[in-house]
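Student:
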Amino acid sequence: MDRRKILTSASVVVITLVLGVVIGRQWDGAPTPTSTTTTLPSQPPSAIWPLASTSTRFATPELAAQTFALDYLGFINPVVEPFQSGDSRSGEVPIRSSLSGARTTIMVRQVTSDDTWWVIGAASANIQLTSPSALQAISDPVRLTGRSTAYEGVVDVEIRQDANLSPLVHTTVHGGSMGVVGPFDATVSYPKPTSSSGAIVLYTRSAKDGSVLEASVLRVAFAK
Numbered sequence: 000m001d002r003r004k005i006l007t008s009a010s011v012v013v014i015t016l017v018l019g020v021v022i023g024r025q026w027d028g029a030p031t032p033t034s035t036t037t038t039l040p041s042q043p044p045s046a047i048w049p050l051a052s053t054s055t056r057f058a059t060p061e062l063a064a065q066t067f068a069l070d071y072l073g074f075i076n077p078v079v080e081p082f083q084s085g086d087s088r089s090g091e092v093p094i095r096s097s098l099s100g101a102r103t104t105i106m107v108r109q110v111t112s113d114d115t116w117w118v119i120g121a122a123s124a125n126i127q128l129t130s131p132s133a134l135q136a137i138s139d140p141v142r143l144t145g146r147s148t149a150y151e152g153v154v155d156v157e158i159r160q161d162a163n164l165s166p167l168v169h170t171t172v173h174g175g176s177m178g179v180v181g182p183f184d185a186t187v188s189y190p191k192p193t194s195s196s197g198a199i200v201l202y203t204r205s206a207k208d209g210s211v212l213e214a215s216v217l218r219v220a221f222a223k
């Protein structure tokens, strides 16, 4: 065989081996791809607001109630009355849509070890939900019974799940009107939630401008 061909072939073999070693070293030294899973904080069992999936926390009961009225219920410039203590870690904050508006009582509690304040429910004398009860596990469809009075008898109803301000369903029930409290009884169907708990939100609107006047909010679990 021609000596020049032998040398050329040998050079090709050497280069191939060197490249193989270099490539092999680079491949072996490359970092192994990893995946990370972020677990969002879970909502405390009895708490509706703030959303645990956010970093928002409240140092005072009044601020917890005010933001709940604004951001969760949709009040416009609510009048926030002084906190009324129930015990060392809980109490109520009354709010109104205006100075002369109906009172919505927002119930607050320190439910976590960092001593921040959480909303656990809300109640209005004009919107009384008697069934289901607080923290009850509900299933689709859910029967709602209670008593209310509102303009033309209409009370808005929403079923919400944790970590989401958008309702699973929005509908209405009809009770009493013109200041006369009357019964309501309705069966509400809702799509399957992705969280284990949520809230039933009932509220009335102004006949003048459609703004929220008062509300009752009940913490519930979703049956599996």
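Residues in the sequence shown are numbered from 0 upward in steps of one, following numbering that gives the first Met the number 0. In this text, a Cβ means the ideal position worked out from N, Cα and C, and glycines have one as well.
1) Exposed or buried, what is E151 when buried is set at 16 or more other beta-carbons lying within 10 Å of its beta-carbon?
2) Does the distance from the C-beta atom of S132 to that of S215 stay below 7 Å?
3) Does the stretch 176-190 come within contact of the stretch 138-145, defined as at least 3 CB pairs closer than 8 Å?
4) Based on DSSP bridge pairs, tell me the residues matched to L128.
5) Note the first and the last residue of the continuous beta strand (DSSP E) segment covering E91.
6) Run through DSSP, which three-state label would F221 get?
7) By DSSP, does E157 sit in helix, in strand, or in coil?
8) Less than 7 Å between the beta carbons of A101 and L212, yes or no?
9) What does the Cβ neighbour count give for T59, buried or exposed, with the cut at 16 atoms within 10 Å?
10) Using only the alpha-carbon positions, how far apart do S41 and F74 sit?
11) With distances taken from CA atoms, which of S54, F183 and S194 is nearest D113?
12) Thinking R95 and D155 are a contact (beta carbons under 8 Å), I'd like their distance in whole angstroms, please.
13) Tell me, to the nearest whole angstrom, how far the beta carbon of V168 is from that of E157; I am working on the premise that it is less than 8 Å.
14) Compare the C-alpha of G178 against each of N125, S99, S196 and P166 and name the closest.
15) Where does the unbroken beta strand (DSSP E) through P182 begin, and where does it stop?
16) Please report the distance separating the alpha-carbon of T144 from that of T111.
Tutor: The short version:
1) Exposed is the call here.
2) No. Outside cutoff.
3) Contact holds: three or more Cβ-Cβ distances are below 8 Å.
4) Partner(s): G145.
5) Per DSSP, E91 belongs to the beta strand (DSSP E) from S89 to R95.
6) Secondary structure of F221 (DSSP, three-state): strand.
7) DSSP, read as helix, strand or coil, puts E157 in strand.
8) Yes, the Cβ-Cβ distance between A101 and L212 is below 7 Å.
9) Label assigned to T59: exposed.
10) When rounded, the separation of the alpha-carbon atoms in S41 and F74 is 26 Å.
11) Out of S54, F183 and S194, S54 has the C-alpha closest to the C-alpha of D113.
12) 18 Å between Cβ atoms; not a contact.
13) That belief holds up - the Cβ atoms of V168 and E157 are roughly 7 Å apart, short of 8 Å.
14) Of N125, S99, S196 and P166, the residue nearest in Cα terms is N125.
15) Looking at the DSSP string, the run of the beta strand (DSSP E) that includes P182 is G181 to V187.
16) Spanning the two alpha carbons is a distance of roughly 32 Å.
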